Ligand SMILES: Cc1cc2nc3c(=O)[nH]c(=O)nc-3n(C[C@H](O)[C@H](O)[C@H](O)COP(=O)(O)OP(=O)(O)OC[C@H]3O[C@@H](n4cnc5c(N)ncnc54)[C@H](O)[C@@H]3O)c2cc1C
């Protein structure tokens, strides 16, 4: 197959294995001399371990704990605050304390019940609300940042303002619900430990293993196995499981498999940070914004993990797509004794966009202007500064995308129609809502240059087949296909002649983690350049290898301390329009029409992009009204997919989407990031639509039927 | 490694019944509740301690037919069978469409839904307002009980260990002028466990109410139904007066006692149950179905 336009879809590289059900995932594997591991987890939220008593173990069964870790007892991520096996303090229900290994899972589960631990229990912090009250107490604030306009200037503006509006907004947990629960296998060999499993970031795991095993670079090897979805849930969490199985394999000299079932996965793995956002906005008489202060509080859970970076992105997006005069923001990651929260598609941005879109929507009501019209007044334009004194230097197509959807949906007419419908229908109410959003592509600031330093290789065999040597994971998002396409097109080779084997750290350089919507844009660009290089040196019938290293785009340098400069090299953009019908008797929300326009530079494969749009938007919409996870005294309440309630095909309508071309010079064929962007607009648009239907403001997501019924009930009370 | 399991699969109902008479067994029809109930953690097979008797293949238990005014439905009819059967009343079909998703509907049976006696069983509210009767068979013969007597609590039914549920009889289904409706409130549109279920049934002669019944699911250990409250409305005319509606609502307000759980709140369940009842009672007319 030869590719004319890069966007034309091709069969996905992994299509056959997945569709036929033949592809073996990690839990399908059996290797010689393999035992299973099961984790004994803390039943209490906060306390000190006084003693651990393990029952007598039958032959072939062993216990593995903190004493067996050759290196220091923490999972290397950013800070050293996450034990591999908690042996002194426990900080959340479900924290791993020790592992039992052996051949038969049934026997292992029985033995787990007999482990006895004596505790000294302490008063835990269970909710973000409690943590905010105690944020000055030692250890509660795990990270914080502040930037923007000086508070003196804002205070002067507020004094002269007509009105000051204060709002508080809450967002809930979100669970990834990747189809394949987490799983990791350590294969024991005399001279190396091979860790294989479901993962997004091979070198994060490798680095964590080198620390935990206190070993050399050649003593561990990380191999990705087919990965059934990640959504960020397999960014940092697998590092902990990898440490568990590798430490165990070393200790018992056998291969060790650790796989979660759905309920264990739902209860102990990382989630999207619940957040509280506070807005304080000064308005003039006409309802124009004079200044705005935003505070963001993230519930980090029991350890900081990646939360500080998540907070950075939340803050960088705290003004949405708007140019707000005199903007100030600060944010905190707070500790609670609950399951640690971590990476999730959007990485802090979904909370911020839900909050700012909600707030701006509410301000438009006060100004008596249609929300979309009000938002457009503040929309950033090419050349505008960012809230961190960076620059939106590339063309912005938001106006075109909005106009297009105004026409497609017949927005003005629909608003009138819905009003008439709502007037006549007692039970059902229709509404339309919009969201405007962006996503900063790649790592924040100079992360790519200073921390990641990506390297890619292309290898050509004697028979002129080319393979990609990179450490990125296809987790279903389609990079096997898209990155292979880029290389094939650049080399003028048929797509079939380019392969992308499952990455193995023994074979591939560190091209960085598969996160932050960076893979197509950053790694894809490196591959494009590598392919150019290979093409220039191409010799038929000869083995060849080329290497490319990351080159930084010239920008306004990012300063993490002052929070100034260009936070991202490029931005992708989106506009969503959502129509709903709300059942006022039950509070159930039915999606009626969903429209989505995106700008991601250039699409590398139409069908792969459509997959990102449909999946991402469904996940984003559900975040706004459907998916509900709660924690009660430190315990996650929803342990099954049914109880948590991600959308089924009966809940999501067919999504009417378009993607606008706006090629970006530093992306392959002009491509920017697309994976996270598609999620971000869902929740705010669905909220706006529900508000439009019910003519009631909400201050939280998800807006579940329970929330809707409660608000209708309160309103009825007010109206008497 | 796996423990030995005894399982029977007889060709005839009679053989099945005589085995059940000899030993206490776990009956499996579709198995969609049983397999969940006995599920173990990952990698370990379900632990069913009693011998298993499969009944899903028994044709005698899969018939749907009319007998006089009554509709007889075989207990082992799957939901998919019933959706394809022209004799099954539309409200029941609509209720079935809210259950699970196609794969489970190809296995799950009406008899299983009844015998499982979950407060969230989605066929139960309608079966209550239809005054469904259950045909229980054992070696000693046939016993017929009202569904409201059969279901006694959460997963508790009045079934002797040697009995099987053979048929479900809907006696009043075909009565003239009857209208029935079921509404399921779940967290999503498929594969959801009901947070509230409501069934309403009304039979009118002109504008006069001849018979009226309501049943609520998922708001108590069993379906909530009150013949006493229903009786107060018989003889009244449609549309009902506001005061009559208010009286019924306040009577149910006292007997609906839902709980908070991981799926919803007591307050939501109660409010919505009463909303659906109010809506049913406030209708100006009822299309017969
Ligand atoms: C994913 C999933 C989704 C589901 N969704 C729903 C839903 O939306 N709504 C809902 O109501 N239910 C739902 N269920 C539950 C289940 O599918 C239904 O209750 C179904 O009707 C059970 O029928 P079965 O034939 O599979 O029962 P089985 O599991 O075979 O049996 C259930 C119980 O009844 C007994 N039993 C069965 N038949 C007889 C008989 N003829 N005589 C005597 N005893 C008998 C069994 O011994 C057992 O105790 C769901 C289940 C799953 C797994």
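Protein chains in written order, with the working numbering: chain Z, 52 to 771; chain D, 127 to 415.
Think of the CB as a built atom: it goes at the ideal place given N, C-alpha and C, for glycine as much as any other residue.
Remember, predicted model here, so these are calculated numbers, not experimental data.
- Query: What is the C-beta distance between residue 571 of chain Z and residue 719 of chain Z, in whole angstroms, given that I count them as a contact (C-beta under 8 Å)?
  - Reply: 7 Å
- Query: Listed from N- to C-terminal order along the chain, which residues in the segment 693 to 704 of chain Z have their beta-carbon within a distance smaller than 9 Å of any beta-carbon of chain D?
  - Reply: 693, 694, 695, 696, 697, 698, 699, 700, 701, 702
- Task: Inspect the beta-carbon positions of residue 615 of chain Z and residue 607 of chain Z and report whether they are closer than 9 Å.
- Result: Yes.
- Any C-beta of chain Z sitting closer than 9 Å to the C-beta of residue 350 of chain D? no
- Message: Here's a check: name, in chain order, each residue in its chain whose Cβ is nearer than 8 Å to the Cβ of residue 477 of chain Z, leaving out the five neighbours to either side.
- Response: 635
- chain Z within 9 Å of residue 231 of chain D, Cβ atoms only: no
- Item | Identity of the residues DSSP links to residue 190 of chain D by a beta bridge | D:199
- Message: What I want to know is whether the C-beta of residue 317 of chain Z ends up closer than 8 Å to one or more non-hydrogen atoms of ligand 1.
- Response: no
- Message: Just to make sure I have the definition right: I need the residues of chain D whose C-beta is within less than 8 Å of the C-beta of residue 639 of chain Z. Which are they?
- Response: 311
- How would you list, in chain order, the residues of chain D whose beta-carbon sits under 7 Å from the beta-carbon of residue 310 of chain Z? 168
- Query: Can you check whether the CB of residue 346 of chain D is closer than 9 Å to the CB of residue 250 of chain D?
  - Reply: No, the pair does not count as a contact, with Cβ atoms beyond the cut-off.
- Message: So residue 756 of chain Z contacts chain D; which residues on that side make the cut at Cβ distance below 9 Å?
- Response: 311, 313, 321, 390, 394, 398
- In whole angstroms, what is the alpha-carbon distance linking residue 610 of chain Z and residue 768 of chain Z? 52 Å
- Task: Could you tell me whether the Cβ of residue 315 of chain Z comes closer than 9 Å to any Cβ of chain D?
- Result: yes
- Could you please give me the residues that DSSP links to residue 772 of chain Z through a beta bridge? Not covered by the structure: residue 772 of chain Z. The range shown for chain Z is 52 to 771.
- Query: Which residue's Cα is closest to the Cα of residue 92 of chain Z: Z:192, Z:390, Z:130, Z:324?
  - Reply: Z:390
- Compute the beta-carbon to beta-carbon distance between residue 202 of chain D and residue 181 of chain D, rounded to the nearest angstrom, for a pair I have assumed lies under 8 Å. 6 Å
- Through-space distance from residue 356 of chain Z to residue 184 of chain D, alpha-carbon basis: 57 Å
- Task: With a 10 Å radius around its C-beta and 16 neighbouring C-beta atoms as the bar for buried, classify residue 413 of chain D as buried or exposed.
- Result: Classification of residue 413 of chain D: exposed, given that the 10 Å Cβ count is below 16.
- Nearest-angstrom Cα separation, counted from residue 197 of chain D out to residue 211 of chain D: 12 Å
- Query: Within the chosen definition, does the segment 232 to 252 of chain D reach the segment 279 to 290 of chain D through at least 3 CB pairs nearer than 8 Å?
  - Reply: Here the segment 232 to 252 of chain D makes contact with the segment 279 to 290 of chain D; the two share three or more CB pairs at distances below 8 Å.
- Task: Select from the segment 639 to 667 of chain Z all residues with a C-beta closer than 9 Å to any C-beta belonging to chain D, and list them in chain order.
- Result: 639, 641
- Message: Buried or exposed, going by whether 16 or more other CB atoms sit within 10 Å of the CB of residue 426 of chain Z?
- Response: buried
- Can you check whether the CB of residue 223 of chain Z is closer than 9 Å to the CB of residue 318 of chain D? no
- From residue 401 of chain Z to residue 365 of chain Z, what distance separates their C-alpha atoms? 8 Å
- Item | Own chain partners of residue 600 of chain Z with C-beta closer than 8 Å, once the 5 adjacent residues on each side are dropped | 504, 505, 506, 577
- Task: Using 8 Å as the cut-off, classify the Cβ of residue 205 of chain D as near or not near the heavy atoms of ligand 1, replying yes or no.
- Result: yes
- Query: Using Cβ-Cβ distances below 9 Å, what residues of the segment 62 to 79 of chain Z are close to chain D?
  - Reply: 78
- Message: Run through chain Z and tell me which residues come within less than 9 Å of residue 405 of chain D, C-beta to C-beta.
- Response: 477, 478, 636
- Starting from residue 395 of chain Z, trace the beta strand (DSSP E) both ways and give me its first and last residue. In the DSSP annotation of this structure, residue 395 of chain Z is not part of any beta strand (DSSP E), being labelled neither H nor E.
- Output, in chain order, the set of chain D residues within a Cβ distance shorter than 9 Å of residue 677 of chain Z. 313, 314
- Message: Could you check whether the Cβ of residue 331 of chain D sits closer than 8 Å to any heavy atom belonging to ligand 2?
- Response: As far as ligands go, the structure on display features ligand 1 and does not contain ligand 2.
- Query: Would you call residue 234 of chain Z buried or exposed, if buried means 16 or more other Cβ atoms sit within 10 Å of its Cβ?
  - Reply: Per the 10 Å Cβ criterion, buried.
- Task: Tell me residue 247 of chain Z's beta-bridge partners as DSSP assigns them.
- Result: Z:236, Z:274
- Reduced DSSP secondary structure (H/G/I, E/B, other) of residue 135 of chain D: coil
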